[in-house]
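K.L.:
Below is the structure I would like to discuss, written out as structure tokens.
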DNA sequence: TCCGCGCATTGATTGAAATCAATGCACCGA
DNA sequence: TCGGTGCATTGATTTCAATCAATGCGCGGA
């Protein structure tokens, strides 16, 4: 029966090198959504497909920026490190997200795969040229950048002014919302990243993250059937905790 | 065109309503730097000048976005508030900075004047149209947005992973650098914003901000001739404290 | 001149998150 | 089967920033 699909060599590599865009999972939400079906062929011409294994580094802080990417499967983590090893994760990218919005010549952040990842890869040159040819494409990328800026600013509020439980509640809600937008399961929510990643995203230690999970569980707002799966039991309650309730 | 004679000198104002761009203080660094001298006339046609008195609110969170602004004098603070009154300042805008990069229809942040402020104001419609006419203008705004995104991400690192003294050192250095870029004094650095503003920017309380100032003063890294004027005595030392030294 | 007010600083105390330390548990290879 | 390893959780202790409280100081108005 379907056992075959479950056991078959998973995820890594069902993307076809050509003609794949039309049937792509993220066709409607990624950059390429700016282009009509016939125009996407032009995008496909300059596209190369790339897979990452868990924890593989895509780019490192300081690397010259040569390529930009559209994420088609898996989750990417963006982080910035301090000289002494402290780390801040500035965001998680989901399928349909674009990587390469912020920088010009040099990468200001490190990008690593969380679990297996699939990407469409473009040289900055090619993408630049295509953007000139299809202004819609440029506009969409600009819109993405603006969205990323709003997210980054919301994150500043989270980091600067929320308490640990509030941070976690806010994180879970935001991730759930984004999962929905990206056609992933919003409610039994999957958390592919480790507690360390969550801590480095929220500006906390793993212990405090763990304790905050427990608090949310004990107050009945979430359930944790497994460490990497959360059920948002009381969405409203979570919003109240996250300081995001505007009655 | 004899523009000089037409200019009415209002309270704050050395800006002229017409023909002023050519001699504007921020002509070389603001958005308008994308345009040649003759093209700037087109920008000036759709521009209105506006002054703000200290603490005047330019826009409030949730307001519909109808106009965008280019700051010509003074400092603007951008903030986001939580329902219970907690506040996070996401950035300070200096002369030459642009306001209206992040949002589409609705303002996601409040913008208020710190001290007296002068702005060039444009309707989003007009600016949109001009951007279509002068792609260079659009490109420059996009570049601004990308820069703002990088700043916001650096801020996330600051908020999530630096200690109070590190935060303050980082703030002073960044502000000093930006002041220099904006043709303001970089070393006897002026801090027009209140301690409360600094606290809400760094994610601290005013007391902790004050104590951090004292620590930096006691370690000889800065001097504080007045509460709103800082001398960066040991720039390297400050960088080391700010966790920004890459040997 | 003096009072009151806003703002920054300093001191004392408290409390919450970091740190230190231990346990549990799943997974893996010997 | 049995250690060993990595990760999450929980508990005990410490530390440092928040809170509470007071003082100083410049400024404007009565």
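Residue numbers (my numbering), protein chains in the order written: chain U, 2 to 248; chain S, 2 to 248.
A virtual CB, placed ideally from N, CA and C, is assigned to each residue, including glycine.
Would you mind sorting residue 230(S) into buried or exposed? The rule is 16 or more other CB atoms within 10 Å of its CB.
P.N.:
exposed
K.L.:
With 16 other CB atoms within 10 Å as the buried threshold, where does residue 197(U) fall?
P.N.:
Answer is exposed; the Cβ neighbour count stays below 16.
K.L.:
Who are the Cβ neighbours of residue 172(S) in its own chain at under 8 Å, not counting the five residues just before and after it?
P.N.:
159, 199, 202, 203
K.L.:
Go through the region 188-214 of chain S residue by residue and report every complete run of the alpha helix (DSSP H) that reaches 4 residues or more, in order.
P.N.:
Counting only runs of 4 or more, we get 196-203.
K.L.:
So what does DSSP say about residue 245(U), is it helix, strand or coil?
P.N.:
DSSP places residue 245(U) in coil when its eight states are reduced to three.
K.L.:
Which class does residue 54(S) belong to by DSSP, given the choice of helix, strand or coil?
P.N.:
coil
K.L.:
Tell me, please, which residues DSSP counts as bridged to residue 80(U).
P.N.:
Beta-bridge pairing by DSSP links residue 80(U) to 90(U), 111(U).
K.L.:
What are the start and end residues of the alpha helix (DSSP H) that includes residue 174(U)?
P.N.:
165-182
K.L.:
State yes or no: is the beta carbon of residue 9(U) nearer than 9 Å to at least one beta carbon in chain S?
P.N.:
Because the pLDDT at residue 9(U) is just 37, under 50, the model does not fix this residue reliably, and the value given afterwards should be weighed accordingly. Residue 9(U) does not count as touching chain S.
K.L.:
List the residues that DSSP assigns as beta-bridge partners of residue 74(S).
P.N.:
119(S)
K.L.:
In the DSSP output, which residue or residues are listed as bridge partners for residue 124(U)?
P.N.:
68(U)
K.L.:
Could you check whether residue 79(U) and residue 94(U) sit closer than 9 Å to each other, using their CB atoms as the reference points?
P.N.:
In terms of Cβ geometry, residue 94(U) and residue 79(U) form a close pair [threshold 9 Å].
K.L.:
Is the beta carbon of residue 60(S) less than 9 Å from the beta carbon of residue 112(S)?
P.N.:
yes
K.L.:
Looking only at DSSP bridge pairs, what is residue 233(U) linked to?
P.N.:
223(U)
K.L.:
Got a sec: is the Cβ-Cβ distance from residue 239(U) to anything in chain S below 9 Å?
P.N.:
False, the Cβ-Cβ gap to chain S never drops below 9 Å.
K.L.:
Can you tell me where the alpha helix (DSSP H) with residue 161(S) in it begins and where it stops?
P.N.:
136-162
K.L.:
Measuring straight from C-alpha to C-alpha, what distance separates residue 117(S) and residue 139(U)?
P.N.:
Whole-angstrom Cα-Cα distance: 37 Å.
K.L.:
Spatial neighbours of residue 125(U) within its chain, please: CB distance less than 7 Å, with the 5 preceding and 5 following residues excluded, ordered by chain position.
P.N.:
66, 67, 68, 69
K.L.:
Does residue 24(U) pass the burial test, meaning 16 or more other C-beta atoms within 10 Å, or should it be called exposed?
P.N.:
Exposed.
K.L.:
What residues in the region 146-173 of chain U have a beta carbon less than 7 Å from any beta carbon of chain S?
P.N.:
146, 147, 149, 150, 151, 153, 154, 156, 157, 158, 160, 161, 162
K.L.:
Which chain S residues sit within Cβ distance under 9 Å of residue 244(U)?
P.N.:
Simply 83, 84, 85, 87.
K.L.:
Taking all protein chains shown into account, decide if residue 164(U) is buried (16 or more other Cβ within 10 angstroms of its Cβ) or exposed.
P.N.:
exposed
K.L.:
Can you tell me whether residue 136(U) is buried or exposed? The criterion is at least 16 other CB atoms within 10 Å of its CB, across all chains shown.
P.N.:
exposed
K.L.:
When we look at the beta-carbon of residue 16(U) and count the other beta-carbons within 10 Å, is it buried (16 or more) or exposed?
P.N.:
With a pLDDT of 45 at residue 16(U), under the threshold of 50, the modelled position of that residue is not reliable, and the figure given next carries that caveat. The residue in question, residue 16(U), is buried, as its Cβ has 16 or more Cβ neighbours within 10 Å.
K.L.:
Please classify residue 54(U) as buried or exposed, where buried requires at least 16 neighbouring CB atoms within 10 angstroms.
P.N.:
exposed
K.L.:
For residue 35(S), which residues of its own chain have a beta-carbon under 6 Å away from its beta-carbon, when the five flanking residues on both sides are left out?
P.N.:
137, 138, 141
K.L.:
With DSSP as the reference, please indicate the residues paired to residue 49(S) in a beta bridge.
P.N.:
122(S)
K.L.:
Using only the alpha-carbon positions, how far apart do residue 207(U) and residue 96(U) sit?
P.N.:
26 Å
K.L.:
With DSSP run on the structure shown, which of helix, strand or coil describes residue 267(U)?
P.N.:
Nothing can be reported for residue 267(U): it is not among the residues displayed for chain U, which extend from 2 to 248.
K.L.:
Buried or exposed for residue 232(U), going by 16 or more other Cβ atoms inside 10 Å?
P.N.:
exposed
K.L.:
Once you ignore the five residues that flank residue 238(U) on each side, which residues in its own chain have a CB closer than 6 Å to its CB?
P.N.:
Within the same chain, residue 238(U) has close Cβ partners 222.
K.L.:
Is residue 105(S) close to chain U? Criterion is C-beta to C-beta, closer than 9 Å.
P.N.:
yes
K.L.:
Counting beta carbon pairs with one atom in the region 147-154 of chain U and one in the region 99-107 of chain S, are three or more of them shorter than 8 Å?
P.N.:
yes
K.L.:
Is any beta-carbon of chain U found at less than 9 Å from that of residue 213(S)?
P.N.:
no
K.L.:
Could you round the C-beta distance between residue 76(S) and residue 194(S) to whole angstroms and report it? I think they count as a contact, below 8 Å.
P.N.:
7 Å
K.L.:
Measure from the C-beta of residue 110(S) to each C-beta in chain U and report whether the shortest distance is under 9 Å.
P.N.:
yes
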